[in-house]
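Numbering follows my numbering, in which position 191 of the sequence shown is assigned residue number 191; successive positions increment by one, without gaps.
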Amino acid sequence: MAYELFYWDGIPGRGEFVRLALEQAGADYIDVARTDGGMGRMMAMMKNKTARFAPFAPPFLKDGDVVVSHVANILLYLGGRLGLAPKDEAGRFEANGLQLTITDFVGEIHDVHHPLGVSLYYHEQKDEALRRAENFRDERLPKYLGYFEKHLSKNGEGQIQAVGDALTYVDLSLFQLLEGLRYAFPKVMQATEPDYPLLVALNAQVRELPRIKAYLASKRRLAFNEEGIFRHYPELDRSSG
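This is the structure in structure tokens:
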């Protein structure tokens, strides 16, 4: 039975972190909102008052009768099933902790362009976004990237991993994180990436994985745009120099 992934159509967003794991594992899955009637089905599941569990918001995953919401929770569920998580309990919790930190960082990235609220358009909070972007560039970005850099290491074969000595879903998520930041803040990232050589190397390593490489070249891979988490507004992007 195919996994069913529910996320908004037209944007990579948070759903992309789950897609990358499914793609790398070669899993059979359906991107429900991109099918006929899929958006209606997704909304109906969230509004279902009689269901045992109705998700608050996408992404969520349906595996038979099991429904799992939130990116980190979904990847915790899928990790062992897809061979993308450590086999030991300590390693699985370490991976989940790193993924939850990625979740925190993604929230802060989103709030750069929407610091006052999601119900307001960007142009309605642009002044506040400019202030938020300065703090993000100078303090929050290096704090998070520095943390992830310290957690990366090379295994005996020279491969870079965040947890243990094999590829995990955390590595795939860090790949997507760097890709999104490069889209949203190209000038900032060009200036700061030399400070994070392991993150840059991991990104290049994941990009060359055969299944990921094929996925990135396919129509299944959605392009970044100004409707998602990672949005490029030139006025928010400038190097500190």
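We put the beta carbon where it would ideally sit given N, CA and C, even for glycine.
Q) At which residues does the beta strand (DSSP E) containing Asp31 begin and terminate? A) As a working note, residue 31 is residue 31 in the sequence shown. It spans Tyr29 to Asp31 - the beta strand (DSSP E) in which Asp31 sits, taken as one unbroken run.
Q. Which residues share a DSSP beta bridge with Val66?
A. One-based indexing of the sequence shown puts residue 66 at position 66. In DSSP, Val66 forms a bridge with Asp63.
Q: Locate the alpha helix (DSSP H) running through Tyr144, then write down its first and last residues.
A: If you number the sequence shown from 1, residue 144 lands on position 144. Unbroken alpha helix (DSSP H) run through Tyr144: Leu141 to His151.
Q. Looking only at C-alpha atoms, which of Ser173, Glu226, Gln190 and Val106 sits nearest to Leu22?
A. In the sequence shown, the residue the question calls residue 22 occupies position 22. Ranking Ser173, Glu226, Gln190 and Val106 by Cα distance to Leu22 puts Ser173 first.
Q | DSSP-derived helix/strand/coil call for Glu16 | A | The residue given as residue 16 occupies position 16 in the sequence shown. Glu16: helix per DSSP, three-state reduction.
Q. In terms of alpha-carbon separation, which member of Tyr233, Asp237 and Arg220 lies closest to Asp9?
A. For the purposes of this step, residue 9 is identified with residue 9 of the sequence shown, where counting begins at 1. The option with the nearest alpha carbon to Asp9 is Arg220.
Q.
Using only the alpha-carbon positions, how far apart do Ile11 and Arg34 sit?
A. Looking up residue 11 in the sequence shown gives position 11. Looking up residue 34 in the sequence shown gives position 34. Roughly 11 Å separates the two Cα atoms.
Q | Nearest residue (CA-CA) to Gln159, options Asp171, Lys150 and Arg41 | A | Within the sequence shown, numbered from 1, the residue matching residue 159 stands at position 159. Cα-wise, what sits closest to Gln159 is Asp171.
Q.
What would DSSP say about Phe311, mapped onto helix, strand or coil?
A. Given a span of 1 to 241 for the chain in the structure shown, any question on residue 311 remains unanswerable.
Q | Ser240 versus Leu202: straight-line alpha-carbon distance, rounded | A | For the purposes of this step, residue 240 is identified with residue 240 of the sequence shown, where counting begins at 1. For the purposes of this step, residue 202 is identified with residue 202 of the sequence shown, where counting begins at 1. In this predicted model, Ser240 has a pLDDT of only 46, less than 50, meaning its place in the structure is not dependable; the value taken from the coordinates is given anyway. In a straight line, the C-alpha of Ser240 is about 25 Å away from that of Leu202.
(Q) Only counting the same chain, and skipping five residues up and downstream in sequence, which positions put a Cβ closer than 7 Å to that of Arg231? (A) Mapped onto the sequence shown, residue 231 falls at position 231. So the list reads His113 and Ala184, once near-sequence residues are dropped.
(Q) At the level of alpha carbons, what is the spacing between Arg140 and Ala133? (A) To locate residue 140, count along the sequence shown from 1; it is residue 140. To locate residue 133, count along the sequence shown from 1; it is residue 133. About 10 Å.
Q. Which partner residues of Phe6 appear in the DSSP bridge assignment?
A. Along the sequence shown, one-based indexing puts residue 6 at 6. Per DSSP, Phe60.
Q | Counterpart residues of Gln161 in DSSP-defined beta bridges | A | As a first step, residue 161 must be located in the sequence shown, where it is residue number 161. Note: Gln161 sits in a beta bridge opposite Ser153.
Q) When DSSP labels each residue in this structure, what does Lys49 get in the three-state scheme? A) The count along the sequence shown starts at 1 and reaches residue 49 at position 49. The answer is coil: DSSP assigns Lys49 none of H, G, I, E or B.
Q. Taking the alpha-carbon positions, what's the Lys47 to Pro55 distance?
A. As a position in the sequence shown, residue 47 is number 47, starting the count at 1. As a position in the sequence shown, residue 55 is number 55, starting the count at 1. Cα to Cα, Lys47 sits roughly 8 Å from Pro55.
Q: Mark Met189 as exposed unless 16 or more other C-beta atoms lie within 10 angstroms of its C-beta, in which case mark it buried.
A: Within the sequence shown, the letter at position 189 stands for residue 189. Buried, because 16 or more other Cβ atoms sit within 10 Å of the Cβ of Met189.
Q) Do the CB positions of His110 and Ile212 come within less than 8 Å of each other? A) One-based indexing of the sequence shown puts residue 110 at position 110. One-based indexing of the sequence shown puts residue 212 at position 212. No. Outside cutoff.
Q.
Threshold first: 4 residues or longer. Then list the alpha helix (DSSP H) segments lying entirely within the stretch 66 to 135, N to C.
A. For secondary structure counted as the alpha helix (DSSP H) over 4 or more consecutive residues, the stretch 66 to 135 holds these complete runs in sequence order: 71 to 82, 89 to 113 and 126 to 135.
**Q.** Given Asp63 as reference, the closest of Tyr77, Arg52 and Val71 once Cα atoms are compared
**A.** Position 63 of the sequence shown holds residue 63. For Asp63, the nearest C-alpha among the options comes from Tyr77.
Q. Is it the case that the CB of Gly40 approaches a heavy atom of the ligand FAD more closely than 7 Å?
A. The ligand FAD is absent from the structure shown, which contains no ligands of any kind.
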